[in-house]
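Counting the sequence shown from 1 gives a position; my numbering is that position plus 187. Glycine residues also receive a C-beta, built at the ideal position from the N, C-alpha and C atoms. Read through the structure below, which is laid out as structure tokens, and then see the notes.
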Amino acid sequence: MDGERERAADLHMHSTASDGSFTPAEVAAHAHKLGLTAISLTDHDTVDGVAEAIQAGRDLGVEVIPGVELSAEEGRAEVHILGYFMDINQEGFLGALNEFRQERIRRAEQMVDRLRALGYDVSMERVREIAGDGSIGRPHVARALLEKGYVNSIQDAFQRLIGRGGPAYAERYKMNPEQAIHLIHSAGGIAVLAHPVLVGNDEIVERLCRSGLLAGLEASHVEHTGKAYKRYQQMAERHGLVATAGSDCHGPRGKTGILMGRCTVPYECLIALRQAWERAGSDSPPVDTFS
Ligand code: AMP
Ligand code: FE
Ligand code: FE
Ligand code: ZN
Numbered sequence: 188m189d190g191e192r193e194r195a196a197d198l199h200m201h202s203t204a205s206d207g208s209f210t211p212a213e214v215a216a217h218a219h220k221l222g223l224t225a226i227s228l229t230d231h232d233t234v235d236g237v238a239e240a241i242q243a244g245r246d247l248g249v250e251v252i253p254g255v256e257l258s259a260e261e262g263r264a265e266v267h268i269l270g271y272f273m274d275i276n277q278e279g280f281l282g283a284l285n286e287f288r289q290e291r292i293r294r295a296e297q298m299v300d301r302l303r304a305l306g307y308d309v310s311m312e313r314v315r316e317i318a319g320d321g322s323i324g325r326p327h328v329a330r331a332l333l334e335k336g337y338v339n340s341i342q343d344a345f346q347r348l349i350g351r352g353g354p355a356y357a358e359r360y361k362m363n364p365e366q367a368i369h370l371i372h373s374a375g376g377i378a379v380l381a382h383p384v385l386v387g388n389d390e391i392v393e394r395l396c397r398s399g400l401l402a403g404l405e406a407s408h409v410e411h412t413g414k415a416y417k418r419y420q421q422m423a424e425r426h427g428l429v430a431t432a433g434s435d436c437h438g439p440r441g442k443t444g445i446l447m448g449r450c451t452v453p454y455e456c457l458i459a460l461r462q463a464w465e466r467a468g469s470d471s472p473p474v475d476t477f478s
């Protein structure tokens with residue numbers, strides 16, 4: 188493409204619809220500023236920000252793909268599944284996402300109770316205010332602790348109090364990876380396994396890659412070293428999956444600042460994903476609403 192910049196896509200990021208700090212429109216604006224051709228907004232357990240991001244992207248000439256990130260669990264391993272191209276108005280899908288968000292609220296309440304029992308004066312009202320309309324997550328609890336001066340940073344809150352196994356940590360119900368993938372399929376989307384290195388167990392990653400349920404594997408992610416990237420890229424290739432990339436940007440107040448654009452794939456990768464979606468659509472997956 189003589190002298191032209193390569194068309195690039197970043198397929199994993201968050202907005203204020205979950206635990207990111209850019210609004211969905213700001214997400215699109217920042218992607219435009221970086222010269223990205225396409226992005227996907229993949230908020231935790233919600234597609235509430237997608238329509239706004241698509242509209243803002245349309246105005247600026249950035250293609251925005253509907254996305255979501257679901258948390259699943261297998262044994263002790265946490266497995267995040269990205270969904271792309273779902274029908275964001277599908278009732279069964281929206282109902283299931285709503286249940287997950289209720290479960291997030293219940294779990295945040297439990298963490299606030301634990302914190303209060305430990306002597307930290309934080310309130311659920313404040314946590315809800317911080318989250319606004321967004322899907323509640325631990326980063327919102329962390330911010331409530333930070334503004335009261337109980338921790339030095341969001342990361343500090345995770346390390347000392349609300350990280351997995353920490354004194355104020357509470358579990359929440361999580362589906363297994365297959366259920367998360369089926370839910371995405373039931374809304375007409377395709378599934379990609381997010382940041383496989385964070386699963387912490389390549390046997391699970393391999394098994395899911397072999398299952399025939401995934402369209403892609405997120406080989407490039409900010410938490411992946413060059414070595415991990417290579418390993419997962421080869422794994423994707425072995426299983427005929429699209430190797431995708433996502434920065435997992437949580438906006439300017441995220442763990443390490445604005446990450447958007449740090450992990451990208453050439454636009455052709457998005458075309459390959461779209462083709463996988465079109466192929467999947469032709470053998471239309473059964474409507475399999477998760478209960
Ligand atoms: P939750 O979905 O409520 O379990 O919270 C998980 C979210 O917290 C992730 O999506 C990240 O945005 C954030 N997070 C996880 N670990 C850390 C950490 N060590 N420091 C800061 N943020 C984190
Ligand atoms: Fe997050
Ligand atoms: Fe994730
Ligand atoms: Zn994410």
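Compute every distance between the C-beta of residue i and the non-hydrogen atoms of ligand 5, then say whether any falls below 7 Å.
{"i": "Ser258", "result": "In the structure on display, ligand 5 does not appear, and the ligands it does have are ligand 1, ligand 2, ligand 3 and ligand 4."}
Excluding the 5 residues preceding and the 5 following residue i in the sequence, name in chain order all residues of the same chain whose CB lies nearer than 6 Å to its CB.
{"i": "Gln420", "result": "Ala406 and Ala430"}
{"i": "Arg449", "result": "Val409 and Ser434"}
{"i": "Thr134", "result": "Since the first residue of the chain shown is 188 and the last is 478, residue 134 is not available in this structure."}
{"i": "Arg244", "result": "The question names Arg, yet the displayed sequence has Gly at residue 244. Around Gly244: Ala215 and Val251."}
{"i": "Val338", "result": "Leu332 and Ala344"}
{"i": "His411", "result": "Val384"}
{"i": "Ile241", "result": "Val251"}
{"i": "Met188", "result": "Summary for Met188: the model assigns pLDDT 45, below 50, so the residue's position carries little reliability, and this model does not support an answer."}
{"i": "Gly254", "result": "Ser227, Leu228, Thr229 and Tyr271"}
{"i": "Arg315", "result": "none"}
{"i": "Trp464", "result": "Phe272 and Ile377"}
{"i": "His201", "result": "Gly207, Asp230 and His437"}
{"i": "Phe287", "result": "Asp232"}
{"i": "Gly248", "result": "none"}
Cutting at 7 Å between CB atoms, please list the residues of its own chain near residue i, excluding the five before and the five after it.
{"i": "Ile349", "result": "Met298, Arg325, Val328, Ala329, Ala355 and Tyr356"}
{"i": "Glu261", "result": "Asn363, Pro364 and Ile391"}
{"i": "Tyr360", "result": "Glu290"}
{"i": "Ala196", "result": "Leu223, Thr224, Ala225, Ile226, Thr451, Val452, Tyr454, Cys456 and Leu457"}
{"i": "Lys442", "result": "Ile341 and Gln342"}
{"i": "Ile317", "result": "His327, Arg330 and Ala331"}
{"i": "Ala415", "result": "Val384"}
{"i": "Gly319", "result": "Thr203"}
{"i": "Leu305", "result": "Pro354 and Ala355"}
{"i": "Leu221", "result": "Met447 and Gly448"}
{"i": "Lys417", "result": "none"}
{"i": "Arg294", "result": "Ala357 and Arg359"}
Would residue i pass as a contact of residue j if the rule is Cβ separation under 8 Å?
{"i": "Ile395", "j": "Leu380", "result": "Checking the displayed sequence, the identity of residue 395 turns out to be Leu instead of Ile. Cβ distance < 8 Å, so Leu395 and Leu380 count as in contact."}
{"i": "Ile377", "j": "Ala402", "result": "yes"}
{"i": "Thr229", "j": "His199", "result": "yes"}
{"i": "Met422", "j": "Ala218", "result": "no"}
{"i": "Gly207", "j": "His426", "result": "no"}
{"i": "Asn388", "j": "Ala264", "result": "yes"}
{"i": "Glu296", "j": "Met273", "result": "no"}
Residues in the same chain with beta-carbon distance under 8 Å from residue i, minus the five sequence neighbours each way, listed in chain order, please.
{"i": "Gly468", "result": "Gly375"}
{"i": "Gly190", "result": "Per-residue confidence for Gly190 stands at a pLDDT of 45, beneath the threshold of 50, marking its modelled position as unreliable; no derived number is given."}
{"i": "Val309", "result": "Val299, Leu302, Arg303, Val328, Ala331, Leu332, Lys335 and Tyr337"}
{"i": "Arg397", "result": "His426"}
{"i": "Tyr307", "result": "Leu332, Lys335, Tyr337, Leu348 and Ala355"}
On the premise that residue j lies in contact with residue i, defined as a C-beta separation below 8 Å, what is that separation, rounded to the nearest angstrom?
{"i": "Glu250", "j": "Pro453", "result": "With a Cβ gap of about 14 Å, Glu250 and Pro453 do not count as contacting."}
{"i": "Ala367", "j": "Leu460", "result": "Not confirmed; about 18 Å, so no contact."}
{"i": "Ala331", "j": "Arg313", "result": "5 Å"}
{"i": "Leu428", "j": "Leu400", "result": "The pair is not a contact, with the Cβ atoms about 10 Å apart (cut-off 8 Å)."}
{"i": "Ile323", "j": "Ile292", "result": "6 Å"}
{"i": "Gly236", "j": "Ile371", "result": "Actually they are not in contact, since the Cβ atoms of Gly236 and Ile371 sit about 17 Å apart, beyond 8 Å."}
{"i": "Glu239", "j": "Ala259", "result": "About 27 Å separates the two Cβ atoms, so there is no contact after all."}
{"i": "His479", "j": "His382", "result": "The structure shown does not extend to residue 479, since the chain is modelled only from 188 to 478, so the question has no answer here."}
For residue i and chain B, any beta-carbon pair shorter than 8 Å?
{"i": "His267", "result": "This model lacks chain B altogether, as it is built from one protein chain only."}
My parser needs the alpha helix (DSSP H) runs of 4 or more residues fully inside the segment 272-351; what are they? 278-304, 311-318, 325-334 and 341-344
List in chain order: all unbroken beta strand (DSSP E) runs of 3+ residues lying wholly within the segment 363-394. 377-380
In chain order, what are the residues with a CB under 7 Å from some non-hydrogen atom of ligand 2? His201, Ser205, Asp206, His231, Gly324, Pro326 and His437
Please give the ranges of any alpha helix (DSSP H) in the segment 197-272, keeping only runs that are unbroken, at least 4 residues long and fully inside the region. 211-221 and 237-247
Taking only runs of the beta strand (DSSP E) that begin and end inside the segment 406-456, which ones reach a length of at least 3 residues, in chain order? 429-433
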